[in-house]
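For the protein sequence lines, the chains are A and B, in the order given.
Position 336 of the first sequence, counted from 1, bears residue number 391 in the working numbering, the numbering being contiguous throughout.
Position 276 of the second sequence, counted from 1, bears residue number 331 in the working numbering, the numbering being contiguous throughout.
From the three backbone atoms N, C-alpha and C, an ideal C-beta is built for every residue, glycine too.
2 protein chains.
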Amino acid sequence: MGQSKNRKHAVTQPPKRPLTLRDVSEASGVSEMTVSRVLRNRGDVSQTTRERVLRAAKRLGYVPNKIAGALASQRVNLVGVIIPSLSNMVFPDVMTGISQVLEDTELQPVVGVTDYIPEKEEKVLYEMLSWRPSGVIIAGIEHSDASRAMLEASGIPVVEIMDIDGQPVDCAVGISHRRAGRMMGQAIAEAGFRRIGFMGTKMPLDHRARKRFEGLTGALAKAGIEVADQEFYSGGSALAKGREMTAAMLDRTPDLDFLYYSNDMIAAGGLLYLLDKGIDIPNQIGLAGFNGVELLNGLPRQLATMDACRFEIGRKAAELVSQRLAAPDASIDKVIELFPTLSYGETLRRT
Amino acid sequence: MGQSKNRKHAVTQPPKRPLTLRDVSEASGVSEMTVSRVLRNRGDVSQTTRERVLRAAKRLGYVPNKIAGALASQRVNLVGVIIPSLSNMVFPDVMTGISQVLEDTELQPVVGVTDYIPEKEEKVLYEMLSWRPSGVIIAGIEHSDASRAMLEASGIPVVEIMDIDGQPVDCAVGISHRRAGRMMGQAIAEAGFRRIGFMGTKMPLDHRARKRFEGLTGALAKAGIEVADQEFYSGGSALAKGREMTAAMLDRTPDLDFLYYSNDMIAAGGLLYLLDKGIDIPNQIGLAGFNGVELLNGLPRQLATMDACRFEIGRKAAELVSQRLAAPDASIDKVIELFPTLSYGETLRRT
DNA sequence: CTGAAAGCGCTAACAC
DNA sequence: GTGTTAGCGCTTTCAG
Chain A
56 MGQSKNRKHA VTQPPKRPLT LRDVSEASGV SEMTVSRVLR NRGDVSQTTR
106 ERVLRAAKRL GYVPNKIAGA LASQRVNLVG VIIPSLSNMV FPDVMTGISQ
156 VLEDTELQPV VGVTDYIPEK EEKVLYEMLS WRPSGVIIAG IEHSDASRAM
206 LEASGIPVVE IMDIDGQPVD CAVGISHRRA GRMMGQAIAE AGFRRIGFMG
256 TKMPLDHRAR KRFEGLTGAL AKAGIEVADQ EFYSGGSALA KGREMTAAML
306 DRTPDLDFLY YSNDMIAAGG LLYLLDKGID IPNQIGLAGF NGVELLNGLP
356 RQLATMDACR FEIGRKAAEL VSQRLAAPDA SIDKVIELFP TLSYGETLRR
406 T
Chain B
56 MGQSKNRKHA VTQPPKRPLT LRDVSEASGV SEMTVSRVLR NRGDVSQTTR
106 ERVLRAAKRL GYVPNKIAGA LASQRVNLVG VIIPSLSNMV FPDVMTGISQ
156 VLEDTELQPV VGVTDYIPEK EEKVLYEMLS WRPSGVIIAG IEHSDASRAM
206 LEASGIPVVE IMDIDGQPVD CAVGISHRRA GRMMGQAIAE AGFRRIGFMG
256 TKMPLDHRAR KRFEGLTGAL AKAGIEVADQ EFYSGGSALA KGREMTAAML
306 DRTPDLDFLY YSNDMIAAGG LLYLLDKGID IPNQIGLAGF NGVELLNGLP
356 RQLATMDACR FEIGRKAAEL VSQRLAAPDA SIDKVIELFP TLSYGETLRR
406 T
């Protein structure tokens, strides 16, 4: 950690009053109302006055006050986006999808982060709603009663994203994580693996990882296979955790022939570890992760994974909000299920 | 990409009018003003009425309207945070630092993303300032004239972060990327490397990477060394890019004995590539990256890197904003320089 | 095409 | 302790 070296200087703020419409009005000799019209490109204003106003506004450096505007117009062009984490590799993609769509509209995303903590979700949601956004996009389909109540009472479009295994407050876009787990389980069984180990995040925090695990065990059970060993982690560098957990698990249960990880990052750690050990992948041990993160493209072996449609989920969610705002009474799809694709890569099919 | 299966349902919104203070006032039989006081924990209110109000508010599900509150009180407890990217591995850390500090205050961070595009920075800044935030934290120390003008005119605390090689609008917290590059150059020269290759992002977009490069070449020049080859990329999976660029560069300039990468992710790609090729690291080729990302802990070799003090920068920036808000006239440090530490890892010192 | 009046929902400042 | 009055800076609405 760096220490700090300081250069002392007195810094005093010029006690400037922020400019108002009135200032522009006076500077341009045009009524406030007309100035407002020019600045919003609304109604008909003669070319002459328009230019006069624009020039005055620019010269003064006027920046409109959205607080006042929003209060007067009863419209706030913000969409609250509530997600568990930013350092996740998955939500930046969702955000990109959302931003891309909203860029063509008046709407702007504002993000809140919950760290997977329900209490924090409640708080963030409350703060968000108190700004009276036009819509909310929120990750996950399980929320506290209080959160659901707030969302319902808000009277604005609410899109729950990522997961569709449950009952949405309003509407939902995502994949079925249960189904995703099942697909992976089937693929593993079909490939002939029999001794499966599972590694993932501590479940209570992450409903989607839990559902994938449930889907996996269900599908394996049908093939007469039980998960032979499992381990959960929280916090820390995922890549390093993947290594550690893999080492520990193989130490404990040496006869495993397949390892399923709840995310690609720990899977990558596991892969690197096994490669170091000189293990033959996938003939000796097969591997799979989840998410389809771009990172994987640079790994020594193409890792089996499943794309979570993150980007598409972001786009669709933003489209939904924007559509519902444009046509509040239109009939829409309450639940939009996206279907992830399974990439076998080089670690799931024996050669 | 998943296609979508849809369940049609008519979803109509109950045409609810959002609740106001007046509703709570009527429901509790207490004046609006007193309700307001209770909800903000301000002034003296008797225990009896306080409870009555709270009960009514909770029963109705009242969520205060911050738009109106902000307009009336002329205070907006938001701090605008403007950064180039979220998918970067570096800014989430900065955000964490900021959030941690702001959590103990009334202030809340609101982020805007510029994608390293000056025009977008201007737009984001304009939008941000139109909400009249209490302060701004903005990445980088180079901004367009228009952006600087807006920041100066805003009359609020502005903290420029990450980089201190330049003249801040108001104050700055960061490291000297020039110095960081220089340190790395010295270390490389001292370790006895002589044929240096550089790989990084396209410079015009990333001032900090450019400054590190300048520092590097300067230090190497003093040791009589020139950068023997260099290559720049933009976009794509950084890990894969690191592989590709490394392959291409060694193909072109096979006698390189050291590779310096402008970020850890491409460095990691290069490392994996070289290891695949069976190259002896660091005796045949040495390596270094930049950032000190956690990811590195799981790599097969501990990569040489330099910590950019991201977390600490976030903390300090938030503290600065919060302090200046508390004591606007206090004399403060205009520039706070943090000092990155160089980790030699296992790729920079020959054995 | 332009302007005047009336609030949006809340809080500061002052009475009681 | 509690209530009253007047705005915050803008937009809506309606008149010219």
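Here's the rule: buried if 16 or more other CB atoms are within 10 angstroms of the residue's CB, otherwise exposed. What is residue i?
i: B/Ala-244; result: buried
i: A/Ala-215; result: With the sequence shown as reference, residue 215 of chain A is identified as Glu, and Ala is not the correct amino acid for it. Looking at its Cβ environment, which holds 16 or more other Cβ atoms inside 10 Å, A/Glu-215 is buried.
i: A/Lys-113; result: exposed
i: A/Ser-317; result: buried
i: A/Ser-377; result: buried
i: B/Gly-347; result: buried
i: B/Asp-319; result: buried
i: A/Met-88; result: exposed
i: A/Gly-291; result: exposed
i: B/Arg-97; result: exposed
i: B/Gly-333; result: exposed
i: B/Ala-274; result: buried
i: B/Glu-106; result: exposed
Leaving out five residues on either side along the sequence, give the residues of the same chain with a beta carbon under 7 Å from the beta carbon of residue i.
i: A/Thr-151; result: Phe-366, Gly-369
i: B/Leu-354; result: Ala-323, Leu-326
i: A/Ala-82; result: Ala-111, Leu-115
i: A/Pro-69; result: Note on A/Pro-69: pLDDT 44, under 50, position unreliable in the model; the coordinate value appears next. None.
i: A/Leu-380; result: Ser-189, Gly-190, Pro-212
i: B/Met-205; result: Leu-180, Tyr-181, Leu-184
Whose C-alpha, out of the options, is nearest the C-alpha of residue i?
i: A/Asp-170; options: A/Ile-336, A/Leu-260, A/Met-304; result: A/Leu-260
i: A/Ala-372; options: A/Val-228, A/Gly-273, A/Leu-326; result: A/Val-228
i: A/Gly-415; options: A/Gly-135, A/Gly-190, A/Glu-174, A/Val-149; result: Look at the range of chain A in this structure, 56 to 406, and you will see that residue 415 of chain A is not part of it.
i: B/Tyr-315; options: B/Met-361, B/Leu-330, B/Gly-333, B/Val-179; result: B/Met-361
i: A/Val-168; options: A/Glu-182, A/Ile-137, A/Ile-192, A/Gly-341; result: A/Ile-137
i: B/Asp-220; options: B/Arg-233, B/Ala-111, B/Leu-397; result: B/Arg-233
i: B/Ile-321; options: B/Asp-331, B/Phe-345, B/Asp-335; result: B/Phe-345
i: A/Glu-286; options: A/Gln-241, A/Asp-335, A/Phe-268; result: A/Phe-268
i: B/Pro-173; options: B/Ala-194, B/Ser-199, B/Tyr-181, B/Thr-160; result: B/Ser-199
i: A/Ile-387; options: A/Val-93, A/Cys-226, A/Thr-396, A/Ile-280; result: A/Cys-226
i: B/Ser-154; options: A/Val-149, A/Lys-175, A/Thr-104; result: A/Lys-175
Please work out which residues of its chain come closer than 6 Å, Cβ to Cβ, to residue i, disregarding the five sequence neighbours upstream and downstream, and give them in chain order.
i: A/Val-90; result: Leu-76, Val-79, Ser-80, Val-108
i: B/Arg-130; result: none
i: B/Arg-203; result: Val-224
i: B/Ala-9; result: Only positions 56 to 406 of chain B appear in this structure, which leaves residue 9 of chain B out of reach.
Kindly give me the distance between the Cβ atoms of residue i and residue j, rounded to whole angstroms, as I take these residues to be in contact under 8 Å.
i: B/Ser-185; j: A/Pro-164; result: Not confirmed; about 16 Å, so no contact.
i: B/Gly-400; j: B/Gln-357; result: 4 Å
i: A/Leu-271; j: A/Met-304; result: Contact doesn't hold; Cβ gap of about 16 Å is too wide.
i: A/Gly-124; j: A/Pro-188; result: Between A/Pro-188 and A/Gly-124 the Cβ distance is about 15 Å, and since that is not below 8 Å, they are no contact.
i: A/Leu-350; j: A/Thr-402; result: Going by Cβ atoms, the distance from A/Leu-350 to A/Thr-402 rounds to 15 Å, so no, they are not a contact pair.
i: A/Ile-230; j: A/Phe-394; result: 7 Å
i: B/Met-254; j: B/Met-217; result: No, B/Met-254 and B/Met-217 are not in contact; Cβ-Cβ is about 21 Å, not under 8 Å.
i: A/Pro-147; j: B/Ser-142; result: 4 Å
i: B/Glu-374; j: B/Val-156; result: 6 Å
i: A/Pro-139; j: A/Ala-194; result: 6 Å
i: A/Leu-126; j: B/Ile-122; result: 5 Å
Looking only at its own chain, which residues have a Cβ that is under 8 Å from the Cβ of residue i, when we skip the five neighbours before and after it?
i: A/Thr-308; result: Arg-250, Gly-252, Ala-283, Asp-284
i: B/Ser-289; result: Thr-256, Lys-257, Leu-260
i: A/Gly-247; result: Arg-405
i: B/Leu-311; result: Arg-250, Ile-251, Gly-252, Ala-283, Asp-284, Met-304, Leu-305, Ile-340
i: A/Leu-133; result: Leu-162, Gln-163, Pro-164, Val-165, Trp-186, Pro-188, Ser-189
Per DSSP, what kind of secondary structure is residue i in: helix, strand or coil?
i: A/Met-171; result: Here residue 171 of chain A is Tyr; the residue named in the question, Met, does not match the sequence. Coil.
i: A/Ala-264; result: helix
i: A/Gly-344; result: coil
i: A/Val-149; result: helix
i: A/Ile-368; result: helix
i: A/Ser-398; result: strand
i: A/Gly-229; result: strand
i: A/Met-238; result: helix
i: A/Ala-6; result: Because chain A spans 56 through 406 in this model, residue 6 of chain A falls outside it and cannot be assessed.
i: A/Lys-257; result: coil
i: B/Ala-194; result: strand
i: A/Gln-58; result: Below a pLDDT of 50, predicted positions are generally treated as unreliable, and A/Gln-58, at 41, falls in that range; the measurement from the model is reported next regardless. Three-state result, A/Gln-58: coil.
i: A/Glu-87; result: helix
i: A/Lys-389; result: strand
i: A/Ile-336; result: coil
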